[in-house]
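A.B. asks: One structure coming up, written as structure tokens, with questions to follow.
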Amino acid sequence: MNRLAFLLLPGMTWRRAVADVSAVILLLTVAIIGFAATFDGTSYLVAAIGALLLGLVLAWVGARWRWGVLTLTGATVAVYFLFGGALALPHTTFLGVIPTLETWRQLAVGVVTSWKDLLTTVPPVDPGDGHLIVPFLLTLVASVLTASLALRLRRAAWALIPASLYIAGEILLGTAQTVAPIVQGVLFAVVAVVWLALRTMWSPERTAVEAATPGADASRAARLRRLISGGVVLALATGAGAAVAATAAPPTQRYILRDFVVPPFDIHDYASPLQAWRKYVRDYTTDPLFTVTGLPEDGRVRLATMDSYDGIVYNVAEDGAGSSSAFTSIRSNMSPQAEGTETKVRVDIENLSGVWLPTVGSAREFDFAGTRATDLRRGAHFNDGTGTAVTTSGVRSGDAYTIDTIVPPVVKDEQLSETPFASLKMPKQAGIPQALSEIASDATEDAETPIDRARALETYLQTDGYFSHGLASDVYSPSGHGAARISMLVSNEQMIGDDEQYAVAMALMATQLGMPARVVMGWHPDQDEKDAGGVFTATGENVHAWVEIAFEGVGWVPFDPTPDEDNEPSQQNTKPRANPKPQVLQPPPPAQEPAELPPALAEERDQDEQPDSGLGWLGPVLLWTAAGLGGILLLLSPFLVIGGIKAARRTRRLHAERTADRVSGGWDELVDRAVDYRISVPPGSTRAESAVVVGESFDGARVATLAQQADADVYGPGDPSPEDVDAFWREVDEIVAGMAGGATFWQRLRARLSLRSLRRDRTNLWASLSTMVRTRRR
Numbered sequence: 001m002n003r004l005a006f007l008l009l010p011g012m013t014w015r016r017a018v019a020d021v022s023a024v025i026l027l028l029t030v031a032i033i034g035f036a037a038t039f040d041g042t043s044y045l046v047a048a049i050g051a052l053l054l055g056l057v058l059a060w061v062g063a064r065w066r067w068g069v070l071t072l073t074g075a076t077v078a079v080y081f082l083f084g085g086a087l088a089l090p091h092t093t094f095l096g097v098i099p100t101l102e103t104w105r106q107l108a109v110g111v112v113t114s115w116k117d118l119l120t121t122v123p124p125v126d127p128g129d130g131h132l133i134v135p136f137l138l139t140l141v142a143s144v145l146t147a148s149l150a151l152r153l154r155r156a157a158w159a160l161i162p163a164s165l166y167i168a169g170e171i172l173l174g175t176a177q178t179v180a181p182i183v184q185g186v187l188f189a190v191v192a193v194v195w196l197a198l199r200t201m202w203s204p205e206r207t208a209v210e211a212a213t214p215g216a217d218a219s220r221a222a223r224l225r226r227l228i229s230g231g232v233v234l235a236l237a238t239g240a241g242a243a244v245a246a247t248a249a250p251p252t253q254r255y256i257l258r259d260f261v262v263p264p265f266d267i268h269d270y271a272s273p274l275q276a277w278r279k280y281v282r283d284y285t286t287d288p289l290f291t292v293t294g295l296p297e298d299g300r301v302r303l304a305t306m307d308s309y310d311g312i313v314y315n316v317a318e319d320g321a322g323s324s325s326a327f328t329s330i331r332s333n334m335s336p337q338a339e340g341t342e343t344k345v346r347v348d349i350e351n352l353s354g355v356w357l358p359t360v361g362s363a364r365e366f367d368f369a370g371t372r373a374t375d376l377r378r379g380a381h382f383n384d385g386t387g388t389a390v391t392t393s394g395v396r397s398g399d400a401y402t403i404d405t406i407v408p409p410v411v412k413d414e415q416l417s418e419t420p421f422a423s424l425k426m427p428k429q430a431g432i433p434q435a436l437s438e439i440a441s442d443a444t445e446d447a448e449t450p451i452d453r454a455r456a457l458e459t460y461l462q463t464d465g466y467f468s469h470g471l472a473s474d475v476y477s478p479s480g481h482g483a484a485r486i487s488m489l490v491s492n493e494q495m496i497g498d499d500e501q502y503a504v505a506m507a508l509m510a511t512q513l514g515m516p517a518r519v520v521m522g523w524h525p526d527q528d529e530k531d532a533g534g535v536f537t538a539t540g541e542n543v544h545a546w547v548e549i550a551f552e553g554v555g556w557v558p559f560d561p562t563p564d565e566d567n568e569p570s571q572q573n574t575k576p577r578a579n580p581k582p583q584v585l586q587p588p589p590p591a592q593e594p595a596e597l598p599p600a601l602a603e604e605r606d607q608d609e610q611p612d613s614g615l616g617w618l619g620p621v622l623l624w625t626a627a628g629l630g631g632i633l634l635l636l637s638p639f640l641v642i643g644g645i646k647a648a649r650r651t652r653r654l655h656a657e658r659t660a661d662r663v664s665g666g667w668d669e670l671v672d673r674a675v676d677y678r679i680s681v682p683p684g685s686t687r688a689e690s691a692v693v694v695g696e697s698f699d700g701a702r703v704a705t706l707a708q709q710a711d712a713d714v715y716g717p718g719d720p721s722p723e724d725v726d727a728f729w730r731e732v733d734e735i736v737a738g739m740a741g742g743a744t745f746w747q748r749l750r751a752r753l754s755l756r757s758l759r760r761d762r763t764n765l766w767a768s769l770s771t772m773v774r775t776r777r778r
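Residue 666 in full-length UniProt numbering is what sits at position 666 of the sequence shown, and the numbering runs on without skipping anything.
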């Protein structure tokens, strides 16, 4: 320990150094834990803990070398750009450590934009898109401020302010999902109380008094017993309070900034891909839409899963078709419950357009390639429950990506002979033609087991139906899958349609019988549809739609109800059957009232519905301007606080109750200004002694005369008159102006932001802050 004594700050002991550093680490770690619900994986811990350690080193070096605010701020900025790449943007660095020009560009821009990017991305956020700048920068600033105040100030309670602001910022930038909130609150409170108690007990004043008191050893032993008993009482009280709060307190809403920011992605903004079925069939009969390399045998390519029907269109639901999952940003641990064969496939886009990403199996991770890789990844969202992937930037020719996926095994009917349907909460369906219920009941009349009932529906449509795309050379078959088209399919003398109608018809009939069913649009190639290299080319000619039904403990099993393409009707006949059952078409679904939105979102939604006034550019400009000004104010906040404290100190001295105290305060103001200009005035020196030291650098005779006048006014008979006080302060201001006149711009700026005079007279710091608060209230 003695060999490392040079690391200690002046007047600091090892026990206080260990207590201060440990308290800062624990207080900030409490907030770091809260980021777990925001980020995917544990990469945020590397960025945040690395920033915490760097901040502690900066604060210690700054305190050891007595750095001013400007020097410490400059060092913090330098550390941010030197280590930000390795800890927050490793994918932009050379060898994962050395920053590049792209690293520095993203770090500079991220100071302003990373906050908005984090709030507008659906959590858990992928750490690879620059989002780690937020925990890195926030933790770095918080650790520098907290540790600097803890190491430099005698009153350690000041350090709790940036620590509390840090945990508040983590909450505001996080999610509504909490991470051990009781543990966080209890740990923060216990650490703060114990640390402040130790700092008070180890203060120099208390140590000096106890050392001079007889029986110091007994006093220390008693103090230790009080500390232990107090800690036990504090722990019991905290535990009891937490238990009562957890059981008795009603649930409260957690306010986060994310709730007031409109997310950039909403699945309902995009049309169902099933509506474009006839377009794929007609316009891309032989043109390649995309190619898939590495597709396993019996593997199916999924474009989208539709599980919500409203009588007009089968659409993709937000809640994930029987799953609590919703669309989230692409991450590295998707489909955690999937079982099957792990494989890797590559998709190369050619003529496919739109927002839907072809997927295979249960995707675990996407790796985008090409010039648009970053844009595709930023806009990519995935639904674990349906296996549907979307990118808001849209796919284009030349885009490519690789999927690490798990392909589920093919389940045979024998394995499902005793397996019931899964009990899932499916999206509410509406507008289903009533005729489907009776047809489904007749088709499954002889089926005994759940799998037999599902196969019966599939067989009924396969054998009784005829295939036609309805193109120029085909038998008439209208496109679409609304309630009227499905009613037409089952009520005509001959059922005529293609995958679009048959898949929807089976899914709706299964739903009427209580089966959890959904429609999938995609491709399931035969072995002869792959080339010699095992590459499958998706076109409009081999696109399909099928039905998936969920079985308990097995998952979703595919069914193909579409008749064989060779099963064409002998003649076109669209007349109704001879003795049709009464068919009642469902009226269009009633208009639903819009969902109740938060005030901020509702207001923005109303504004979006108004005609464009040509000022659409004004919103982004104001947003960026406000973000820039906020960043500038954040950087300038330490300087503004220091200036405010010094101004409050001057006001308190100038308006003291006794005129003699005003004169004394004027002299203190002069000495403090000299100290800020780096004049070493010994603490506790008399006015005459201080005048000698100050006069060596400034107007010595004038300062000495002012010191004598101050002694005469303070210690002489009677109090000085207000006119004498005003004259004294004018003299002080003139001498201070002379100090500034003889200094350079940077010396004057450094003096204004210096903490030397505040550290020299810490006893008056609380009074200065109190005066500043009272002045603001007035």
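For glycine and all other residues, C-beta sits at the position ideal for the given N, C-alpha and C.
Do you know whose CA, among K425, E297, L27 and A326, lies nearest L56's CA?
C.D. replies: Within the sequence shown, numbered from 1, the residue matching residue 56 stands at position 56. The residue with the shortest Cα to Cα distance from L56 is L27.
A.B. asks: Could you name each continuous beta strand (DSSP E) segment of 3 residues or more that falls completely within the stretch 512-562, going from the start of the chain to the end?
C.D. replies: List check, beta strand (DSSP E) in window: 517-523, 535-538, 544-551 and 555-559.
A.B. asks: Let me know the secondary structure DSSP gives R16 once reduced to three states.
C.D. replies: The count along the sequence shown starts at 1 and reaches residue 16 at position 16. Three-state DSSP puts R16 in a helix.
A.B. asks: Distance check for V547 and A440, CA to CA, integer angstroms please.
C.D. replies: Along the sequence shown, one-based indexing puts residue 440 at 440. Along the sequence shown, one-based indexing puts residue 547 at 547. Approximately 15 Å between the Cα atoms of the pair.
A.B. asks: If we define contact as Cβ-Cβ less than 8 Å, is I312 a contact residue for chain D?
C.D. replies: This model lacks chain D altogether, as it is built from one protein chain only.
A.B. asks: Do S393 and L376 have their C-beta atoms closer together than 8 Å?
C.D. replies: By 1-based counting over the sequence shown, the position of residue 393 is 393. By 1-based counting over the sequence shown, the position of residue 376 is 376. Yes, Cβ-Cβ distance for S393 and L376 is below 8 Å.
A.B. asks: Please classify residue 779 as buried or exposed, where buried requires at least 16 other C-beta atoms within 10 Å of its C-beta.
C.D. replies: Because the chain in this structure spans residues 1 to 778, residue 779 falls outside the shown range and cannot be described.
A.B. asks: If you measure between the beta carbons of A435 and V504, is that distance less than 8 Å?
C.D. replies: Here residue 435 corresponds to residue number 435 of the sequence shown, with the count starting at 1. Here residue 504 corresponds to residue number 504 of the sequence shown, with the count starting at 1. Their beta carbons are not under 8 Å apart, which means A435 does not touch V504 by this criterion.
A.B. asks: Could you tell me the alpha carbon to alpha carbon distance between S332 and G385, rounded to whole angstroms?
C.D. replies: Taking the sequence shown and counting its residues from 1, one reaches residue 332 at position 332. Taking the sequence shown and counting its residues from 1, one reaches residue 385 at position 385. Each residue's Cα considered, the two are about 16 Å apart.
A.B. asks: Going by the beta-carbon positions, is the gap between S468 and I486 smaller than 8 Å?
C.D. replies: Here residue 468 refers to the residue found at position 468 when the sequence shown is read from its first residue. Here residue 486 refers to the residue found at position 486 when the sequence shown is read from its first residue. Against a cut-off of 8 Å, the Cβ pair of I486 and S468 comes out as no contact.
A.B. asks: T113 lies in the alpha helix (DSSP H); which residues open and close that run?
C.D. replies: Taking the first residue of the sequence shown as 1, we reach residue 113 at position 113. Counting along the chain, the alpha helix (DSSP H) containing T113 begins and ends at L101 to L119.
A.B. asks: Sort out for me which residues DSSP pairs W356 with in a bridge.
C.D. replies: Along the sequence shown, read from residue 1 onward, the residue named residue 356 stands at position 356. According to DSSP, which records beta bridges pairwise, W356 is partnered with V390.
A.B. asks: Among A472, G470 and D442, which residue has its Cα nearest to the Cα of L461?
C.D. replies: Here residue 461 is taken as the residue at index 461 of the sequence shown, counted from 1. Checked all of A472, G470 and D442; the closest Cα to L461 is D442.
A.B. asks: By how many angstroms is the C-alpha of G370 removed from the C-alpha of G398?
C.D. replies: One-based indexing of the sequence shown puts residue 398 at position 398. One-based indexing of the sequence shown puts residue 370 at position 370. Looking at the two C-alpha atoms, the distance is approximately 7 Å.
A.B. asks: Kindly examine the ligand FMN and report whether one of its heavy atoms sits closer than 7 Å to the Cβ of L137.
C.D. replies: Summarising the ligand content, the structure contains no ligands, and the ligand FMN is consequently not present.
A.B. asks: May I have the straight-line CA-CA distance separating I98 from V671, to the nearest angstrom?
C.D. replies: In the sequence shown, the residue the question calls residue 98 occupies position 98. In the sequence shown, the residue the question calls residue 671 occupies position 671. Those two C-alpha atoms are separated by around 47 Å.
A.B. asks: Less than 8 Å between C-beta atoms, sequence neighbours within five positions excluded: which residues of the same chain meet that for S613?
C.D. replies: Taking the sequence shown and counting its residues from 1, the one referred to as residue 613 is at position 613. Only weak support exists for where S613 lies, its pLDDT of 44 falling under 50; the value from the coordinates is given anyway. Cβ neighbours of S613 beyond the five flanking positions: none.
A.B. asks: With burial defined as no fewer than 16 other Cβ atoms inside 10 Å of the residue's Cβ, what is the status of Y166: buried or exposed?
C.D. replies: Along the sequence shown, read from residue 1 onward, the residue named residue 166 stands at position 166. Counting Cβ neighbours within 10 Å, Y166 comes out buried, since at least 16 surround it.
A.B. asks: In or out: G431 buried (at least 16 other Cβ within 10 Å) or exposed?
C.D. replies: In the sequence shown, counting from the first residue as 1, residue 431 sits at position 431. With 16 or more Cβ atoms within 10 Å of its Cβ, G431 is classed as buried.
A.B. asks: Which residue's Cα is closest to the Cα of W60: L145, D526 and D40?
C.D. replies: In the sequence shown, residue 60 corresponds to position 60, counting from 1. Cα-wise, what sits closest to W60 is L145.
A.B. asks: How many Å lie between residue 780 and A17 at the Cα?
C.D. replies: Nothing can be reported for residue 780: it is not among the residues displayed for the chain, which extend from 1 to 778.
A.B. asks: Return the CA-CA distance between W556 and N542, expressed in angstroms with no decimal places.
C.D. replies: Position 556 of the sequence shown holds residue 556. Position 542 of the sequence shown holds residue 542. Distance between the alpha carbons of W556 and N542: 22 Å.
A.B. asks: So, is F35 buried or exposed, given that buried needs 16 or more other C-beta atoms within 10 angstroms?
C.D. replies: Residue 35 sits at position 35 when you count from the first residue of the sequence shown. By the 10 Å Cβ count, F35 comes out buried.
A.B. asks: At what residues does the beta strand (DSSP E) containing I406 begin and finish?
C.D. replies: Indexing the sequence shown from 1 puts residue 406 at position 406. A400 to V407 is the extent of the beta strand (DSSP E) around I406.
A.B. asks: Provide the residue(s) that pair with T175 in DSSP beta bridges, ordered along the chain.
C.D. replies: The count along the sequence shown starts at 1 and reaches residue 175 at position 175. T175 is not bridged to any residue.
A.B. asks: Which partner residues of S308 appear in the DSSP bridge assignment?
C.D. replies: Within the sequence shown, numbered from 1, the residue matching residue 308 stands at position 308. Answer by DSSP bridge pairing, in chain order: N315.
A.B. asks: So, for E552: in the same chain, excluding its five sequence neighbours on each side, which residues have a beta-carbon less than 8 Å away from its beta-carbon?
C.D. replies: The count along the sequence shown starts at 1 and reaches residue 552 at position 552. The residues are T419, P420, F421, A422 and S423.
A.B. asks: Measure the CB-CB distance between V681 and V663 and report whether it falls below 8 Å.
C.D. replies: Residue 681 sits at position 681 when you count from the first residue of the sequence shown. Residue 663 sits at position 663 when you count from the first residue of the sequence shown. No, the Cβ-Cβ distance between V681 and V663 is not below 8 Å.
A.B. asks: Which term fits Q512, buried or exposed, when burial requires 16 or more other beta carbons within 10 angstroms of its beta carbon?
C.D. replies: The residue given as residue 512 occupies position 512 in the sequence shown. Buried, by the Cβ-count rule.
A.B. asks: If you run the structure through DSSP and keep just helix, strand and coil, what is H268?
C.D. replies: As a first step, residue 268 is located in the sequence shown; it is residue number 268 there, counting from the start. Three-state DSSP puts H268 in a helix.
A.B. asks: Cβ atoms of L107 and A47: under 8 Å apart, would you say?
C.D. replies: Residue mapping note: residue 47 aligns to position 47 of the sequence shown, counting from 1. Residue mapping note: residue 107 aligns to position 107 of the sequence shown, counting from 1. Contact flag unset, no.
A.B. asks: So T391 packs on V316, CB below 8 Å; how close in whole Å?
C.D. replies: Your numbering for residue 391 matches position 391 in the sequence shown. Your numbering for residue 316 matches position 316 in the sequence shown. Not confirmed; about 14 Å, so no contact.
A.B. asks: If you measure between the beta carbons of I406 and F366, is that distance less than 8 Å?
C.D. replies: Here residue 406 is taken as the residue at index 406 of the sequence shown, counted from 1. Here residue 366 is taken as the residue at index 366 of the sequence shown, counted from 1. No, Cβ-Cβ distance for I406 and F366 is not below 8 Å.
A.B. asks: Report the start-end ranges of each beta strand (DSSP E) in the stretch 472-499 that is 3 residues or longer and not cut off at the edges.
C.D. replies: Listed in chain order, the complete beta strand (DSSP E) runs (minimum 3 residues) inside the stretch 472-499 are 495-497.
A.B. asks: Within 10 Å of its beta-carbon, does K646 have 16 or more other beta-carbons around it, so buried, or fewer, so exposed?
C.D. replies: Looking up residue 646 in the sequence shown gives position 646. By the 10 Å Cβ count, K646 comes out buried.
A.B. asks: In or out: R678 buried (at least 16 other Cβ within 10 Å) or exposed?
C.D. replies: Taking the first residue of the sequence shown as 1, we reach residue 678 at position 678. R678 should be labelled exposed.
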